[in-house]
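**Q** Same order as they appear, the protein sequences are chains A and B.
Every letter in the first sequence is one number past the one before it in the working numbering, and letter 53, counting from 1, is 53.
In short: position in the second sequence from 1, add 189, done, that's the working numbering.
Glycine included, C-beta positions come from ideal geometry on N, C-alpha and C.
A single structure is presented below for examination.
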Amino acid sequence: MAETNKKTNNSYLGDKVALRIKNLPKGKRSLRVLDCYSGKGLIWRAVGRLSGLEIVTLPIDIKEKDGFHLPGENLAWMESIDFSRFDVVDLDAYGVPYEQLKMLFEKKYTGVVFVTFIQTMYGQLPYGMLADIGFPKEMVEKIPTLFGESGWQYFLEWLAWNGVTRIVHRSNARKHYFTFNCAAGRGAG
Amino acid sequence: MKQAITWTTQKVRIGDLIEWEDNPVKLSRKEAGEIEESLRRFGLVLPLVANAPREDKKRRLLDGHQRKKVLIVYSKMNSEDDLVDVRVPSRKLSDRECEELSLRLRRNQGKLDYAALVEIPGWEIPDFMEIGFEEDELAGVDFKTEKLKDKVETMRPKEMLRILISVPVNEALTTRSIVAQLENVPGVEIVYGGN
Numbered sequence: 001m002a003e004t005n006k007k008t009n010n011s012y013l014g015d016k017v018a019l020r021i022k023n024l025p026k027g028k029r030s031l032r033v034l035d036c037y038s039g040k041g042l043i044w045r046a047v048g049r050l051s052g053l054e055i056v057t058l059p060i061d062i063k064e065k066d067g068f069h070l071p072g073e074n075l076a077w078m079e080s081i082d083f084s085r086f087d088v089v090d091l092d093a094y095g096v097p098y099e100q101l102k103m104l105f106e107k108k109y110t111g112v113v114f115v116t117f118i119q120t121m122y123g124q125l126p127y128g129m130l131a132d133i134g135f136p137k138e139m140v141e142k143i144p145t146l147f148g149e150s151g152w153q154y155f156l157e158w159l160a161w162n163g164v165t166r167i168v169h170r171s172n173a174r175k176h177y178f179t180f181n182c183a184a185g186r187g188a189g
Numbered sequence: 190m191k192q193a194i195t196w197t198t199q200k201v202r203i204g205d206l207i208e209w210e211d212n213p214v215k216l217s218r219k220e221a222g223e224i225e226e227s228l229r230r231f232g233l234v235l236p237l238v239a240n241a242p243r244e245d246k247k248r249r250l251l252d253g254h255q256r257k258k259v260l261i262v263y264s265k266m267n268s269e270d271d272l273v274d275v276r277v278p279s280r281k282l283s284d285r286e287c288e289e290l291s292l293r294l295r296r297n298q299g300k301l302d303y304a305a306l307v308e309i310p311g312w313e314i315p316d317f318m319e320i321g322f323e324e325d326e327l328a329g330v331d332f333k334t335e336k337l338k339d340k341v342e343t344m345r346p347k348e349m350l351r352i353l354i355s356v357p358v359n360e361a362l363t364t365r366s367i368v369a370q371l372e373n374v375p376g377v378e379i380v381y382g383g384n
């Protein structure tokens, strides 16, 4: 992490940790977590400390850092990973982890997912995501501001199209921290 | 080749320590208070650092400008004859060496790992703030303070046919008045926007 919080994505660290603790899979003393944007692993270390559970993470991070982790693009790793080995997949992204979520849906993951969705200042959303809910690229390019203003709503619509019926979230402006449970038709929240 | 330098700690008159005029380190009132508190609790743990004396016995201060100020302003050290521990070199350093060392002593230090900081047992966020850490610095590792509330969103997939109606700006109002007639039709959602 940088010297101050100003450059990091962790200014709502307390909320991220609380969201996870409250929505962890129930009835387990030990959890296996695929941490796709691990950074320094701060969140899950805190979750472990505060929940008293044994948290075993497989961290993926694009940046070079000390300690064991899978280095590089998480998508490349995720393609070869057997998700059924993990109770939780964490997508604490800097933007919109559309491709990563899409992969989870395609592979029919059945655990708990934690996601950070942050729309950039210009509000650009992935073309693929908008196309999935009926907005072709040509339409988006014609009036991109439309999608900036309602990005979160379109994102929820996209989640619904992928079988997610309920999420628990904590939101502030363009930052949304949320979770859903892929088990029971992805609707257990 | 320049002679190697060795350092010893000596008692030096505080009045003989001359501050570096261009010292880029500034001290806020809050920081001065924190140094004062540290000096009050633990004393002068690290000696000041100064060059070898000039002909007039004055020495250029290389490190500890802020502590010297605090010692003079806040402590009982109010006489120029008061003695203070100072690390001094075995030979006189050039101006350039003085500047380099002053900057190195400030800069060439390990960086604080804030994530590791909050792992220190028995220390909580307010404890760190009491000794001078800023709220901003700690926000990135403060995993206990919650600022947002839980909300639940339930969704169901919509089957939508998306139609984009794009018109020149001078026709926008007319078009809007026509399209608006559909607003109350069940299942129709209209979103307006402009470029």
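Would you report the Cα separation of Gly195/A and Gln119/A, rounded to the nearest angstrom?
**A** With chain A covering 1 to 189 only, the question about residue 195/A has no answer from this structure.
**Q** Glu54/A bridges to which residues according to DSSP?
**A** Glu54/A is bridged to Ser30/A.
**Q** Which residue spans inside the stretch 255-304 of chain B form an unbroken alpha helix (DSSP H) run of at least 4?
**A** 284-296
**Q** Please say whether Lys191/B and Asn240/B have beta carbons closer to each other than 8 Å?
**A** no
**Q** Where does Pro71/A land, buried or exposed, given buried means 16+ other C-beta within 10 angstroms?
**A** exposed
**Q** Taking Cβ-Cβ distances shorter than 7 Å, what residues in chain A pair up with Asn240/B?
**A** By Cβ distance, chain A contributes nothing, its closest Cβ being about 31 Å from Asn240/B, past 7 Å.
**Q** Between Val168/A and chain B, is the shortest Cβ-Cβ distance under 8 Å, so that the two count as touching?
**A** yes
**Q** Which residues of the stretch 332-357 of chain B have a Cβ closer than 8 Å to any Cβ of chain A? Give them in chain order.
**A** So the close ones are Phe332, Lys333, Thr334, Glu335, Lys336, Leu337, Lys338, Asp339, Lys340, Val341, Glu342, Thr343, Met344, Arg345, Pro346, Lys347, Met349, Leu350, Arg351, Leu353 and Ser355.
**Q** Grab me the residues of Tyr127/A's own chain with a C-beta within less than 8 Å of its C-beta, minus the 5 sequence neighbours each way, in chain order.
**A** Lys137 and Val140
**Q** What does DSSP give as the partner residue(s) for Asp87/A in the beta ladder?
**A** None, per the DSSP bridge assignment.
**Q** Determine the closest residue to Gly376/B out of Met318/B, Leu353/B, Thr364/B and Glu348/B, with distance taken between C-alpha atoms.
**A** Glu348/B
**Q** I need the straight-line Cα distance from Gly382/B to Ser355/B, nearest angstrom please.
**A** 10 Å
**Q** How should Tyr94/A be labelled, buried or exposed, when 16 other C-beta atoms within 10 angstroms of its C-beta is the threshold for buried?
**A** exposed
**Q** Can a CB atom of chain B be found closer than 8 Å to the CB of Asp15/A?
**A** yes
**Q** Compare the Cα-Cα distances from Asn212/B to each of Arg218/B, Gly253/B, Phe332/B and Glu360/B and report the closest residue.
**A** Gly253/B
**Q** According to DSSP, simplified to helix, strand and coil, what is Glu342/B?
**A** strand
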